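Number of protein chains: 2
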Amino acid sequence: MLAKGGCPKTMLSIRDALEALEGKWKLLILFALSEGAPKRFGEISKAVNGITDKTLSKELKSLEANKLIKREVYDTFPPMVEYTITPHGLSLEKVLDELHFWGLSHRKKVMGR
Amino acid sequence: MLAKGGCPKTMLSIRDALEALEGKWKLLILFALSEGAPKRFGEISKAVNGITDKTLSKELKSLEANKLIKREVYDTFPPMVEYTITPHGLSLEKVLDELHFWGLSHRKKVMGR
């Protein structure tokens, strides 16, 4: 692929992906949900170390708008809200895998540990 | 990989990767350089549609600090500066590939075209 580096059509789809996944939180939230089991706000917040409630709330809305997660409200008292990753969200598996492998090598190479 | 979704150690390396690649420009700049040939500031700016000079300048510094590109100054008059992708930068090939494929499917699925 990189042999065709810089191809404007390829750049367009990379740009689409980066816009949907922008920032350092969205992929981490998706990864936290990637077991498949629904999670509540507090559980996601605990899994994604360092995220504020305000940011998490904003990112969840953006992920829902991009059909990457589903939000469900249960008619209990008090009402319970759960978030689940969608099949489209799960289709990021290979992106997350490659980021994981690259992150490992980057830590060795640049961060020196 | 996603079967082990949420594993804290895996999340750490994804986080490392996302921190080095944060924002929507860095990967696009690397993609523009990924043919391998050195490029001047103006050439990169033209290839990465919509980036401002100020942002490009900041992003190039960050990419250099993370050893993803190399900056070379030639002793000409006026001095010429060129940027080249490093082997570490080229090791993002698979990440870019997967983002490209996912971006294509995201465009069909969510953006509906």
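For the protein sequence lines, the chains are R and W, in the order given. Residue numbers for the first sequence follow the working numbering, beginning at -9 and rising by one. Residue numbers for the second sequence follow the working numbering, beginning at -9 and rising by one. Using N, Cα and C, we set each Cβ at its ideal position, and we do this for glycine too. All figures in this text were calculated on a predicted structure; none of them were measured in a lab.
Asked	Found
Taking a Cβ distance cut-off of 9 Å, strictly less, list which residues of the region 81 to 98 of chain W are near chain R, in chain order.	Ser81, Leu82, Glu83, Lys84, Val85, Leu86, Asp87, Glu88, Leu89, His90, Phe91, Trp92, Gly93, Leu94, Ser95, His96, Arg97
Report the rounded CA-to-CA distance for Ala(-7)(R) versus Leu23(R), giving the unit in angstroms.	Confidence at Ala(-7)(R) is low in this model, with a pLDDT of 44, below 50, so the placement of that residue is unreliable and no value is reported for it.
In this structure, how does DSSP classify Val38(R) when only helix, strand and coil are distinguished?	coil
Can you tell me where the beta strand (DSSP E) with Lys60(W) in it begins and where it stops?	59 to 64
State the Cα-Cα distance for the pair Tyr73(W) and Thr45(W), rounded to the nearest angstrom.	16 Å
So Met101(R) contacts chain W; which residues on that side make the cut at Cβ distance below 8 Å?	Asp6
Residues of the region 46 to 77 of chain W with a CB closer than 8 Å to any CB of chain R: list them in chain order, please.	Asn56, Lys57
Closer than 8 Å, CB to CB, is Ser35(W) near chain R or not?	no
For the region 1 to 20 of chain W and the region 49 to 57 of chain R, state whether three or more C-beta atom pairs, one from each stretch, are separated by less than 8 Å.	no
Where Phe67(R) and Gly102(R) are concerned, what is the direct C-alpha to C-alpha distance, given to the nearest angstrom?	51 Å
With 8 Å set as the bound, which would you pick, yes or no: does the beta-carbon of Lys44(R) sit closer than that to a beta-carbon of chain W?	no
Does the beta-carbon distance from Leu86(R) to Leu2(R) come in below 8 Å?	no
I think Thr42(R) touches Leu58(R), with their Cβ atoms under 8 Å apart; what is that distance to the nearest whole Å?	The pair is not a contact, with the Cβ atoms about 20 Å apart (cut-off 8 Å).
Going by DSSP, what residues sit across from Thr74(R) in a beta bridge?	Lys60(R)
In three-state terms, what does DSSP make of Lys29(W)?	strand
Distance, Cα to Cα, Leu82(R) vs Trp92(W)?	7 Å
State buried or exposed for Glu62(R), treating a residue as buried only when at least 16 other CB atoms are found within 10 Å of its CB.	exposed
What did DSSP end up calling Leu82(R) once you bin it into helix, strand or coil?	coil
Excluding five sequence neighbours on each side, which residues of the same chain lie with their C-beta closer than 6 Å to the C-beta of Tyr60(W)?	Per the sequence shown, residue 60(W) should be read as Lys rather than Tyr. Same-chain partners within the cutoff: Thr74, Thr76.
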